[in-house]
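Per this note's numbering, residue 16 is the first one in the sequence shown, and the count goes up by one each step.
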Amino acid sequence: MRRVVFNQKGGVGKTTIVCNLAAIAASRGLRTLVVDLDTQGNASQYLLGAGVKSADHSIADFFDSTLSFSLQAPALSSYATRTPFENLDVVTSSPRLEELIVKLEAKQKIYKLRDALKKLKGYDAIWIDTPPALNFYSRYALIAAEGVLIPFDCDEFARQALYTLLENIQEIRADHNEDLEVEGIVVNQFQPRAKLPARMVEELRAEKLPVLSQTLSSSVRVRESHERHRPLVHLEPSHRVTQEYLALYDGISKG
Numbered sequence: 016m017r018r019v020v021f022n023q024k025g026g027v028g029k030t031t032i033v034c035n036l037a038a039i040a041a042s043r044g045l046r047t048l049v050v051d052l053d054t055q056g057n058a059s060q061y062l063l064g065a066g067v068k069s070a071d072h073s074i075a076d077f078f079d080s081t082l083s084f085s086l087q088a089p090a091l092s093s094y095a096t097r098t099p100f101e102n103l104d105v106v107t108s109s110p111r112l113e114e115l116i117v118k119l120e121a122k123q124k125i126y127k128l129r130d131a132l133k134k135l136k137g138y139d140a141i142w143i144d145t146p147p148a149l150n151f152y153s154r155y156a157l158i159a160a161e162g163v164l165i166p167f168d169c170d171e172f173a174r175q176a177l178y179t180l181l182e183n184i185q186e187i188r189a190d191h192n193e194d195l196e197v198e199g200i201v202v203n204q205f206q207p208r209a210k211l212p213a214r215m216v217e218e219l220r221a222e223k224l225p226v227l228s229q230t231l232s233s234s235v236r237v238r239e240s241h242e243r244h245r246p247l248v249h250l251e252p253s254h255r256v257t258q259e260y261l262a263l264y265d266g267i268s269k270g
């Protein structure tokens, strides 16, 4: 299954969700790959820590390879780096992604990632992290994916942006990827005792939007997992937020 976590709004927890769900998949015995398309490279940092500096290849190297004609282009797996966690690899980000956009757009390479992922062997689950904008790379990811999760924080500005986001996803689905499914809206940093978040979630569900029943709470433990470069399932399996991630993973796995 190829999944992308995307929202045009920054600070909603995309990278944290990608890395923690991917780590859970790997811990369940699935050979798992994270593809980091965000130029900030936070997913790469989260999973590799200081080891990101010694990665031999990046996603920018893969895109470079698509710009020149080759009968036997290397498989995307050859650009992956092993993480310290069993069954979990990452194709790291690179600052060079910014300079490659113009070249990729000029040569209309919009389907190269999708084709590479479809041909990819040896992985059971693929998670794609995206930049917080509807740009070339996030479109690339949505065209390549089968499912999309949308992180959402309970804020009125985020709510208005959500409607536009869903329209953009449906447009990409109609024009480029009819197999793309919105698997759900993930309410992140949820505060169940606060009136505004609870009311907003109820209103979104009343509008028949696909808000998932599994929510994610805010916790300092999440920031500690970033600092220690260890997803929660490896840092503290019994923690409340870890259990929420496990419930979220099981929920989307069951469809």
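We put the beta carbon where it would ideally sit given N, CA and C, even for glycine.
query: Curious, which full-length alpha helix (DSSP H) runs of at least 4 residues does the segment 203 to 267 contain?
result: Runs of the alpha helix (DSSP H) inside the segment 203 to 267: 210 to 221, 235 to 243, 247 to 250.
message: Nearest by alpha-carbon distance to residue 143: which of 105, 171, 126 is it?
response: Ranking the options by Cα distance to residue 143, first place goes to 105.
Residue 109 classed as buried or exposed, judged by whether at least 16 other C-beta atoms fall within 10 angstroms: Around the C-beta of residue 109, 16 or more other C-beta atoms lie within 10 Å, and the residue is accordingly described as buried.
query: So what does DSSP say about residue 27, is it helix, strand or coil?
result: Correct three-state label for residue 27: coil.
field: Assigned secondary structure, residue 196 (DSSP; H/G/I helix, E/B strand, else coil)
entry: Three-state DSSP puts residue 196 in a strand.
field: Candidates 103, 92, 192, 196, of which the one nearest residue 165 by Cα
entry: Of the listed residues, the one whose Cα sits closest to residue 165 is 196.
task: Let me know the secondary structure DSSP gives residue 48 once reduced to three states.
output: For residue 48, the secondary structure class from DSSP, reduced to helix, strand or coil, is strand.
field: Among 169, 200, 136, 126, the one whose alpha carbon lies nearest that of residue 162
entry: In terms of Cα proximity to residue 162, the closest of 169, 200, 136, 126 is 200.
message: Taking the straight line between their C-alpha atoms, what separation do you get for residue 145 and residue 158?
response: Roughly 12 Å between the two C-alpha positions.
- request: Name the residue from 264, 270, 269 whose alpha carbon lies nearest to the alpha carbon of residue 37.
  value: For residue 37, the nearest C-alpha among the options comes from 264.
- prompt: Pick from 241, 182, 73, 140: whose alpha carbon is nearest that of residue 52?
  reply: Here the closest residue by C-alpha is 73.
message: I need the DSSP call for residue 125, collapsed to helix, strand or coil.
response: Reduced to three states, the DSSP call for residue 125 is coil.
- prompt: From residue 31 to residue 235, what does the alpha carbon distance come to, in whole angstroms?
  reply: The straight-line gap from Cα to Cα measures roughly 13 Å.
message: Alpha carbons only, please: which of 191, 66, 167 is nearest the one belonging to residue 99?
response: Of the listed residues, the one whose Cα sits closest to residue 99 is 66.
field: Nearest residue (CA-CA) to residue 233, options 149, 167, 114, 268
entry: With distances taken between Cα atoms, residue 233 lies closest to 167.
- prompt: What residues match up with residue 81 in a beta bridge as DSSP calls it?
  reply: Within the DSSP secondary-structure output, residue 81 pairs in no beta bridge.
task: Return the CA-CA distance between residue 147 and residue 33, expressed in angstroms with no decimal places.
output: Cα to Cα, residue 147 sits roughly 13 Å from residue 33.
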